[in-house]
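The structure appears below as structure tokens.
In the numbering used here, the protein residues as written are 2 to 291.
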């Protein structure tokens, strides 16, 4: 039984008022994780309004030690640990199990956002009663940056075809430049595929398909860092096959909803596939020769 001054009742009330859960999956991100996390605290919300869930995907470097140090500054930053690497999707699923916020935001551990990113998105999705808020994307590193997606005005779309098109699918099929109503994910039992690379190609079209309104929010920028050593860049048979299979699913969804697909996006070309295989064979040949 809960009494008016009972601590569990206060905790329940606090959780009910939680606006946002930010989920970061961490693996080999020691060079970037501090900038990523610090950028999350520059959006004007009270620290009681959001939580940051750092999922340790069995990272072998000093990433989690850095997060633990940052916990001394940010008391709403917590860590949940996995015993082995489940890939980004599996890590995000682990974070979802812990999340208490009304909205969910997935962030990659090597990226960062500009000031007031979430505050702008949150106010817009609340005002328009949208299921998803969509932000602009800047890609690059300290030497070169390009605007992958720029939203100059607020637009609301409802149909799956329009949601795909305004999100620039299939060319830019990302989960992290969007915030989602938690109920949208939970009520539809949407999860990331475990142990899968290019998991965004499965999650993004699925959640757009079941969502109601999507709103684009101008003047919100997610910085997508281009890294030579990223998981996506590291070729393997698994990476090639995951991309091939997941892209097939995505293209099937585009066809189902009559979404235009340009020639470049239409297939995982044989050239792309065999270049990847050739790289792997050369690495294997080099290792065997040592």
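Glycine included, every Cβ here is placed at the ideal spot set by N, Cα and C.
Practice prompt. Just confirm the distance between the C-beta atoms of residue 214 and residue 103, as a whole number of angstroms; I'd bet it's less than 8 angstroms.
Written response: At roughly 16 angstroms, the Cβ-Cβ gap does not stay under 8 angstroms, so residue 214 and residue 103 are not in contact.
Quiz item: What whole-angstrom Cβ distance do residue 1 and residue 202 have, given they're in contact under 8 angstroms?
Solution: The displayed coordinates of the chain run from 2 to 291. Any statement about residue 1 would go beyond what the structure contains.
message: Residues in the same chain with beta-carbon distance under 6 angstroms from residue 212, minus the five sequence neighbours each way, listed in chain order, please.
response: 132, 133 and 185
Below 8 angstroms on the Cβ atoms is my contact criterion, and I expect residue 83 with residue 92 to pass it. Report the Cβ-Cβ distance as a whole number of Å. 7 angstroms
ask   = Going by other Cβ atoms of all chains shown within 10 Å of its Cβ, with 16 needed for buried, is residue 130 buried or exposed?
value = exposed
ask   = By DSSP, does residue 109 sit in helix, in strand, or in coil?
value = strand
### Query
Taking 9 angstroms as the CB-CB limit, is residue 127 close to chain C?
Protein chain content of the structure displayed is limited to a single chain, and chain C is not contained in it.
Inter-residue Cα distance where the pair is residue 218 and residue 112 | 19 angstroms
Between the alpha carbons of residue 8 and residue 265, how many angstroms are there, rounded? Because residue 8 sits at a pLDDT of 45, beneath the cut-off of 50, its placement in the model cannot be relied upon, and the point is left open.
Practice task
Starting from residue 241, follow the alpha helix (DSSP H) in both directions and report where the run begins and ends.
Solution key: 238 to 257
Report buried or exposed for residue 247, applying the criterion of at least 16 other Cβ atoms within 10 angstroms of its Cβ.
-> buried
**Message:** I'd like to check one pair, residue 259 with residue 198: are the Cβ atoms closer than 9 angstroms?
**Reply:** no
- Message: If distances are taken between C-alpha atoms only, which option among 254, 21 and 225 comes closest to residue 1?
- Response: The structure shown does not extend to residue 1, since the chain is modelled only from 2 through 291, so no value can be given for it.
(message) Considering Cα atoms alone, identify which of 23, 262, 222 and 255 is closest to residue 99.
(response) 23
Note to self: DSSP three-state label for residue 160, please.
What the structure shows: coil
Exercise for the section: With a threshold of 16 other CB atoms inside 10 Å of the CB of residue 61, please say whether the residue is buried or exposed. Expected result: exposed
Worksheet item: For residue 20, which of helix, strand or coil comes out of DSSP?
Response: coil
### Close-in-space but distant-in-sequence residues of the same chain around residue 240 (CB under 6 angstroms, 5 per side omitted)
198
Please name the residue, chosen from 195, 144 and 128, that lies closest to residue 157 on a Cα-to-Cα basis.
-> 128
- Cβ pair residue 94, residue 85 closer than 9 angstroms: no
query = Terminal residues of the continuous alpha helix (DSSP H) containing residue 214?
reply = Segment: none, residue 214 is in no alpha helix (DSSP H) and carries neither H nor E.
Name the residue from 75, 174 and 189 whose alpha carbon lies nearest to the alpha carbon of residue 50.
75
Just the C-alpha distance for residue 117 and residue 58, rounded to the nearest angstrom, thanks. 28 angstroms
Option nearest residue 320 by Cα separation, candidates 167, 66, 38 and 43: Any answer about residue 320 is impossible in this case: the structure gives the chain only from 2 up to 291.
DSSP has residue 44 in a bridge; who is on the other side? None; residue 44 has no bridge partner.
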